[in-house]
Amino acid sequence: ASVPDAEKGAYLEARRRCPELVDDDHKRAFLWREGYDPERAAARLVRHWTFKRKLFGPVKCYLPMTLSGAMSDDLITLSVGFVHLLPGRDERGRNVMLF
3 ASVPDAEKGA
13 YLEARRRCPE
23 LVDDDHKRAF
33 LWREGYDPER
43 AAARLVRHWT
53 FKRKLFGPVK
63 CYLPMTLSGA
73 MSDDLITLSV
83 GFVHLLPGRD
93 ERGRNVMLF
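Under our numbering, residues 3 to 101 are what the sequence shown spells out, in order.
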């Protein structure tokens, strides 16, 4: 069964507003996570964008999750030390934040 159209809103908006964030590599990560089951991967991808929109709002969720993107308003909070960006990266090259 495919994902109902009514549930795809945030994902379809992401494809329109930030196609560079919904590229083949992005989709491939969801396929990998779901054992290459396309239906489960599609459902997870749609849930991801729906949750991201709820968490970050209708503007920031479509920006890159970087200090110059969606988190640019949080630079002061980060510099105060409530949240700390660790100096290294994880085994996949991603930044690591400590809360």
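Built from N, CA and C at the ideal position, the CB exists for glycine as well.
Residues that DSSP places opposite residue i in a beta bridge
{"i": "M99", "result": "L87"}
Cβ-Cβ separation, residue j to residue i (assumed contact under 8 Å), whole Å
{"i": "P66", "j": "L14", "result": "Not confirmed; about 19 Å, so no contact."}
{"i": "F58", "j": "R46", "result": "With a Cβ gap of about 18 Å, F58 and R46 do not count as contacting."}
Classification of residue i by the beta-carbon crowding that lies within 10 angstroms, buried from 16 upward
{"i": "V85", "result": "exposed"}
{"i": "V48", "result": "buried"}
{"i": "W51", "result": "buried"}
{"i": "Y8", "result": "The displayed chain sequence assigns Ala, not Tyr, to residue 8. Looking at its Cβ environment, which holds fewer than 16 other Cβ atoms inside 10 Å, A8 is exposed."}
Next item on the list: Tell me the start and end of each unbroken alpha helix (DSSP H) in the stretch 31-58 that is at least 4 residues and wholly inside, in chain order.
Entry: none
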